[in-house]
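If you want the numbering used here, it's the position in the sequence shown, counting the first as 1, plus 606. Backbone N, C-alpha and C fix where the C-beta goes; we use that ideal spot for every residue, glycine too. Just so you know, these numbers come straight off a predicted model, no measurement behind them.
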Amino acid sequence: QTCALPICARRKDSRSLPERALNPSQALLILFCYTSISLGGLGFSEADIGKALACAGVLTVVSQVSLFPPLQHKFGTIKLYRGLMALYPFVFSLFPIMSHVASQDAKKGLGRTRVWYLLVVFLLLKAVYVVVPFLKKSR
């Protein structure tokens, strides 16, 4: 007897929900950056997207090495997990804000400085909550 479900749907995924959400959030960021400003994106070039991803990598490493250990020690794993999960809606609410700023700056002929500042804030918050899947369920 065969199953109508695809193999990936039948396979039990051992990763946590936040861990599975990391790759789609990265893909969403890339699509958002590449989409033109007129369609609600940032209109970045491939080089700018590469710079943003490099920045994301650096911020993730720095946050995991310098921010995460003292926060886990101070608040404990469960409280930190809940707090970091509370960042999800705020982080993703920055997409329309960045889009609006990019649109306004393009109309006024301004550069992308404000968009980059917002993108760095987004990437920093994303780097902080990206540690959620690696938290051990203790304390």
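The Cβ atoms of F728 and L693 do not sit closer than 7 angstroms to each other.
As the crow flies, the alpha-carbon of V667 is around 35 angstroms from that of G715. In the three-state scheme derived from DSSP, where H, G and I count as helix and E and B as strand, R718 is classed as coil. Scanning Y640, Q670, A708, G656 for the CA closest to the CA of L690 turns up Q670. Apart from the 5 residues on each side of it in sequence, F650 sits with its Cβ closer than 8 angstroms to the Cβ of C639, Y640, A658 in its chain, given in chain order.
With fewer than 16 neighbouring CB atoms inside 10 Å of its own CB, Y723 falls in the exposed class. If you look at Q670, you'll find it isn't in any alpha helix (DSSP H); DSSP assigns it neither H nor E. Within the stretch 639-689, no complete beta strand (DSSP E) segment of 3 residues or longer occurs. Closest option to Y735, judged by alpha-carbon separation, among R688, I655, A633: R688.
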